[in-house]
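Q: Residue numbers (our numbering): 12 to 526.
Every residue, glycine too, gets a C-beta built ideally from N, C-alpha and C.
#1: Can you tell me whether residue 399 is helix, strand or coil according to DSSP?
#2: Going along the chain, which residues of its own chain have a beta-carbon closer than 7 Å to the beta-carbon of residue 34, five neighbours each way excluded?
#3: Does residue 366 come out as helix, strand or coil in the three-state DSSP assignment?
#4: Who are residue 222's beta bridge partners in DSSP?
#5: Could you check which residue in 166, 400 and 493 has the C-alpha nearest to that of residue 355?
#6: Under 8 Å, do residue 289 and residue 268 count as touching if we go by C-beta distance?
#7: To the nearest angstrom, report how far apart residue 508 and residue 495 are at their CA atoms.
#8: Go ahead and label residue 84 buried or exposed: buried means 16 or more other beta carbons lie within 10 angstroms of its beta carbon, across all protein chains shown.
#9: Name the DSSP beta bridge partners of residue 27, please?
#10: Helix, strand or coil for residue 152 per DSSP?
#11: Pick out whichever of 71, 124, 91 and 44 has its Cα sitting closest to the Cα of residue 32.
#12: What is the C-beta distance between residue 183 and residue 273, in whole angstroms, given that I count them as a contact (C-beta under 8 Å)?
#13: Assess, as a yes-or-no matter, whether the stretch 401-415 is touched by the stretch 358-373 under the definition of 3 or more beta carbon pairs within less than 8 Å.
#14: Can you tell me the Cα-Cα spacing of residue 312 and residue 380, whole angstroms?
#15: Have a look at 441, 79 and 113 and flag the residue whose alpha-carbon is nearest the alpha-carbon of residue 92.
#16: By Cβ distance below 7 Å, which residues in the same chain neighbour residue 317 in space, the five residues on each side in sequence not counted?
#17: How far does the beta strand (DSSP E) with residue 18 in it extend, from its first residue to its last?
#18: Would residue 186 be called buried (16 or more neighbouring beta carbons within 10 Å of its own) or exposed?
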């Protein structure tokens with residue numbers, strides 16, 4: 012039977028609702044009848060009603076303010092508002108507080124009965140969601156939301172944990188397990204392996220394992236109840252059982268990170284981050300299979316600035332196409348990160364930034380990282396999923412070497428193109444030539460030629476052509492035996508007027524005055 016609490020300041024309405032409605036037939040019972048809003052607030056926590064029927068206007072506190080109070084505390088109570096016709100529009104403003112229905116006071120109770128049935132159906136649906144199989148899914152979704160940062164408001168994190176029956180005040184651990192499973196493993200087989208692993212983890216940790224869930228393609232998180240503060244030896248033994256099984260029998264080669272013991276839902280994200288950092292310790296030491304989080308002070312507070320400078324130097328060398336020097340700079344950067352005790356994620360994020368800058372450099376040449384490396388798929392994901400530093404070095408060196416080599420070749424070609432362009436201008440400036448004519452003759456596009464020519468010489472192709480024409484015009488004018496119209500014709504100008512205008516634009520005086 013669902014408990015119903017009724018509140019209305021009109022005695023006749025209270026009496027009618029308590030006596031004329033067959034509550035038992037509706038699967039309910041009246042647990043409390045209040046005459047005003049203050050009385051509701053004084054008794055709601057003692058009565059713990061399932062359904063709350065409120066008059067929208069009452070002395071003390073009105074129905075909407077009580078509905079808001081219930082909604083803010085996420086109490087599992089269904090609210091029905093009683094309104095007069097004149098108050099209906101006002102009542103609808105309470106929809107944001109999760110009110111189930113609105114019933115107008117017409118003297119008949121059909122509307123009230125329908126509203127109560129609706130509230131009861133919602134309560135029953137919520138009960139179904141709380142059944143063990145559904146509760147497991149809800150708990151897993153909750154944990155994923157906290158772990159990936161989708162759920163971060165502390166009040167909501169704590170309220171939802173309590174609503175899902177996740178008691179965290181006695182202490183818990185988060186354990187992350189990262190293993191290898193080939194890309195070729197089909198989806199169905201992958202699901203079977205995941206199910207087998209969860210069963211195995213349950214056998215190892217027994218009733219202490221509250222939930223185990225996949226948090227990545229090859230990563231599991233275990234939420235483990237742990238009330239004992241002295242847990243390291245016990246957890247180490249159990250994790251050793253897991254590594255033995257997964258490495259030797261399943262060939263999945265697992266690495267494990269364990270958080271510190273935490274209490275309360277507010278520390279759940281912190282525990283996950285600790286487990287992630289502990290897991291990252293094997294990045295620099297592949298023999299370290301099981302790692303517990305520990306707070307270690309990093310030496311040297313100038314690391315960040317030094318690393319930024321080294322990273323900028325590395326990118327400068329890549330942009331200049333200096334492959335050998337760029338690879339050496341990368342080695343120095345990685346050594347700085349290791350000496351500073353940086354986490355695996357910090358190092359990988361640095362690699363992702365370098366990859367991003369290489370992409371921008373190559374885009375200037377109309378190329379992509381995939382074009383020059385031959386790699387496929389998300390490179391950021393590949394970097395992030397590197398299990399050991401040697402894998403990380405392998406992929407980063409390929410990106411750096413391929414990009415720098417391409418730039419070096421492109422710079423060499425650019426220099427060749429500039430020389431060919433200048434030679435073509437020298438041989439043909441006396442004709443009426445355009446940028447397109449020059450580009451076509453040396454086998455490139457006008458836009459690319461214009462860009463690289465300006466970058467290399469500080470001037471445009473057209474300006475270079477015109478400068479040659481002016482120099483030759485001065486030479487002709489100095490000879491005195493050539494007429495101005497003959498000079499204009501020799502330099503490819505259609506008429507003397509245009510030639511005179513052109514010459515004055517570049518020299519400040521007319522051909523006649525110069526002569």
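A: Quick look at the numbers:
#1: As a first step, residue 399 must be located in the chain shown, where it is residue number 388. Coil.
#2: Here residue 34 is taken as the residue at index 23 of the chain shown, counted from 1. Only residues of its own chain outside the window of five on either side were considered, and among them 15, 40 and 41 have a CB closer than 7 Å to the CB of residue 34, listed in chain order.
#3: On the chain shown, residue 366 is found 355 positions in, with the first residue counted as 1. Note: residue 366 maps to helix in three-state DSSP.
#4: Taking the chain shown and counting its residues from 1, the one referred to as residue 222 is at position 211. Note: residue 222 sits in a beta bridge opposite 234.
#5: Within the chain shown, numbered from 1, the residue matching residue 355 stands at position 344. If we check each option's Cα against that of residue 355, 400 comes out closest.
#6: Locating residue 289 in the chain shown gives position 278, counting from the first residue. Locating residue 268 in the chain shown gives position 257, counting from the first residue. Result yes, Cβ atoms of residue 289 and residue 268 sit closer than 8 Å.
#7: As a working note, residue 508 is residue 497 in the chain shown. As a working note, residue 495 is residue 484 in the chain shown. Looking at the two C-alpha atoms, the distance is approximately 10 Å.
#8: Indexing the chain shown from 1 puts residue 84 at position 73. Answer is exposed; the Cβ neighbour count stays below 16.
#9: By 1-based counting over the chain shown, the position of residue 27 is 16. Bridge partners of residue 27: none, in fact.
#10: For the purposes of this step, residue 152 is identified with residue 141 of the chain shown, where counting begins at 1. In this structure, DSSP gives residue 152 a helical state, which the three-state scheme calls helix.
#11: As a working mapping, residue 32 is identified with position 21 in the chain shown. Comparing Cα-Cα distances from residue 32 to each of 71, 124, 91 and 44, the minimum goes to 124.
#12: The sequence position of residue 183 within the chain shown is 172, counting from 1. The sequence position of residue 273 within the chain shown is 262, counting from 1. With a Cβ gap of about 6 Å, residue 183 and residue 273 count as contacting.
#13: yes
#14: Mapped onto the chain shown, residue 312 falls at position 301. Mapped onto the chain shown, residue 380 falls at position 369. Its pLDDT being 48, under 50, residue 312 is placed unreliably in this model, and the value from its coordinates should be taken loosely. In a straight line, the C-alpha of residue 312 is about 34 Å away from that of residue 380.
#15: The count along the chain shown starts at 1 and reaches residue 92 at position 81. Minimum Cα distance to residue 92 is reached at 113.
#16: Residue mapping note: residue 317 aligns to position 306 of the chain shown, counting from 1. Closer than 7 Å at Cβ, skipping near neighbours: 347.
#17: Here residue 18 corresponds to residue number 7 of the chain shown, with the count starting at 1. Note, residue 18: beta strand (DSSP E), 13-18.
#18: One-based indexing of the chain shown puts residue 186 at position 175. Answer is buried; the Cβ neighbour count reaches 16.
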